[in-house]
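Residue numbers (the UniProt record's numbering): 1 to 302.
Positions of the beta carbon are idealized from the N, C-alpha and C atoms, including for glycine.
What follows is one structure encoded as structure tokens, with my remarks underneath.
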């Protein structure tokens, strides 16, 4: 595991171009850039545009514009996920060869119906750290030839990680180095519990690699040593550590920071345009005002 004190540290900010950046994004970008500058490290920008249905060029252009206005600079060229689909596909095939993936055919509606019926009968359906119901595990044992025939016939499916098999293949205990803190104050060495997420999706027809798979591959390919991001991704780190172990990838040091609250007290959303960086700029705010605003929420900036 990378030491947070190692030289040649590499930080990255990796937004998705599916909406305008808000104050929470500004916080992550500023923290990453400032921490890189403080240690003489590198600051990278990555565009996570692997979901073509949601990614738009005008939002990507807005990312560059907003970050430049904040006074941030980054190395060129920028890595765009849409330009590396074959790279993700190769990793997916490796995981298939390990026997830890299976095609899941149930739609969201079908899963929802099963959950509602189970809970209506008095049962308790397991849920992930975000509160979403776990995917049923019955398809883990589907006949392989029948499953492949269904795929060949055009049946919609997603490739899911068989969590039990994956966990059994990952050598030793899984943990990560946390320099920030989790939602409950977790810090230091944190034990990873990927099983809490169930059989996560790693690929689906409209997105050849899920966030979980693409992010660990990109971080390794770019030599990222420090992942600084919001607490909303704290628990997802467990899945990332599992995939890093399975694929033989290095583990960065992680630092999860608090979230900027929205007007309703909940975390900010890209749909809340009034808290967007562009909206503050249009109202006459300066980059210094943005830093002062974030400091007012209690965030320590360099």
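Please identify the residue among the options whose C-alpha is closest to the C-alpha of residue i.
i: residue 28; options: 110, 19 and 45; result: 45
i: residue 156; options: 125, 113, 106 and 175; result: 106
i: residue 280; options: 132, 20 and 9; result: 20
i: residue 217; options: 52, 152, 77 and 86; result: 86
i: residue 214; options: 244, 188, 225 and 116; result: 244
i: residue 303; options: 49, 35 and 72; result: Outside the shown range of the chain (1 to 302) lies residue 303, about which nothing can therefore be said.
i: residue 263; options: 23, 301 and 96; result: 23
i: residue 137; options: 102, 15 and 256; result: 102
i: residue 185; options: 258, 195, 211 and 150; result: 258
i: residue 190; options: 160, 256 and 117; result: 256
i: residue 76; options: 253, 47, 300 and 212; result: 47
i: residue 174; options: 212, 121 and 195; result: 195
i: residue 128; options: 68, 9, 11 and 239; result: 239
i: residue 17; options: 154, 31 and 51; result: 51
i: residue 8; options: 252, 70, 111 and 235; result: 252
i: residue 11; options: 241, 74, 187 and 56; result: 74
i: residue 168; options: 242, 227 and 236; result: 242
i: residue 250; options: 220, 126, 227 and 269; result: 220
i: residue 235; options: 297, 183 and 49; result: 183
i: residue 35; options: 158, 227 and 124; result: 227
i: residue 49; options: 269, 206, 301 and 298; result: 206
By how many angstroms is the C-alpha of residue j removed from the C-alpha of residue i?
i: residue 285; j: residue 89; result: 44 Å
i: residue 202; j: residue 65; result: 31 Å
i: residue 290; j: residue 63; result: 16 Å
i: residue 225; j: residue 26; result: 21 Å
i: residue 208; j: residue 97; result: 17 Å
i: residue 193; j: residue 233; result: 14 Å
i: residue 6; j: residue 293; result: Bear in mind that a pLDDT of 48 at residue 6, under 50, signals an unreliable position, so the number given afterwards is only what the model happens to contain. Taking the straight line joining both Cα atoms gives about 32 Å.
i: residue 210; j: residue 95; result: 14 Å
i: residue 222; j: residue 160; result: 25 Å
i: residue 152; j: residue 247; result: 27 Å
i: residue 92; j: residue 99; result: 11 Å
i: residue 295; j: residue 109; result: 43 Å
i: residue 117; j: residue 212; result: 30 Å
i: residue 181; j: residue 53; result: 33 Å
i: residue 69; j: residue 260; result: 20 Å
i: residue 55; j: residue 15; result: 11 Å
i: residue 112; j: residue 141; result: 21 Å
i: residue 283; j: residue 133; result: 41 Å
i: residue 144; j: residue 267; result: 42 Å
Quick check on the burial criterion: 16 or more other C-beta atoms within 10 angstroms. Buried or exposed for residue i?
i: residue 178; result: buried
i: residue 119; result: exposed
i: residue 171; result: exposed
i: residue 131; result: exposed
i: residue 135; result: buried
i: residue 254; result: buried
i: residue 276; result: buried
i: residue 148; result: exposed
i: residue 104; result: buried
i: residue 343; result: Because the chain in this structure spans residues 1 to 302, residue 343 falls outside the shown range and cannot be described.
i: residue 237; result: buried
i: residue 123; result: exposed
i: residue 31; result: buried
Could you give the DSSP three-state label for residue i: helix, strand or coil?
i: residue 212; result: helix
i: residue 162; result: coil
i: residue 108; result: helix
i: residue 190; result: strand
i: residue 50; result: coil
i: residue 57; result: helix
i: residue 239; result: helix
i: residue 11; result: strand
i: residue 69; result: helix
i: residue 292; result: helix
i: residue 118; result: helix
i: residue 176; result: strand
i: residue 43; result: strand
i: residue 256; result: strand
i: residue 129; result: coil
i: residue 25; result: helix
The stretch 190-210 touching the stretch 162-172, judged by at least three CB pairs closer than 8 Å
The stretch 190-210 is in contact with the stretch 162-172.
Could you say if the stretch 28-44 and the stretch 80-100 meet the contact criterion of at least three C-beta pairs nearer than 8 Å?
no
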